[in-house]
Amino acid sequence: MANDYLSEIRDVNLSYLMIAQQMIRDDRAEAIFRLGISGEIADLIAGMSNAQVLKMASCNVMLSRFRFNDTAILSTLLRDKAGATGAPVHASIIMASQAPEALV
């Protein structure tokens with residue numbers, strides 16, 4: 035069972051790194067915003083070789099994180115009211131006001 039989880043984590047990590055690289059190469063500023071990362075981390079991800087991506091993806095922890103650790107953001111996205119079409123925009127504004135994550 036644990037090996038199944040580790041295999042799935044590796045698959046998610048590989049997908050995340052591959053799409054992150056593509057996003058950064060296509061539009062760095064938008065990728066930084068959408069991924070919630072710093073410019074320095076974006077540069078490191080964009081510069082990774084295929085071998086480095088595979089090695090990093092093979093670690094046994096999730097590389098991406100659930101960004102909705104703020105109750106206000108999650109509540110805004112889950113709001114099910116008439117005229118709540120602006121909820122994703124409001125959540126994006128709240129997330130944009132938060133500092134990007136940086137590896138320490």
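Plus 34 on top of the position in the sequence shown (first one is 1) and you've got our numbering.
The beta carbon of each residue, even a glycine, is placed where N, CA and C say it ideally should be.
| Check | Outcome |
| --- | --- |
| If we ignore side chains and look at the alpha-carbon of each, how far apart do residue 70 and residue 56 end up? | 15 Å |
| Using the beta-carbon count (16 or more within 10 Å), is residue 110 buried or exposed? | buried |
| Does any heavy atom of the ligand COA sit closer than 7 Å to the C-beta of residue 66? | For the structure depicted, the ligand COA is absent and the ligand set is empty, with no information on it obtainable. |
| Note the first and the last residue of the continuous alpha helix (DSSP H) segment covering residue 67. | 62 to 69 |
| Taking the continuous alpha helix (DSSP H) assigned at residue 81, which residues delimit it? | Looking at the DSSP string, residue 81 is not in any alpha helix (DSSP H), and its letter there is neither H nor E. |
| Alpha carbon to alpha carbon, how far is residue 86 from residue 59? | 17 Å |
| So what does DSSP say about residue 94, is it helix, strand or coil? | coil |
| Is it buried or exposed for residue 112, if we count other Cβ within 10 angstroms and need 16 for buried? | exposed |
| Would you report the Cα separation of residue 62 and residue 76, rounded to the nearest angstrom? | 8 Å |
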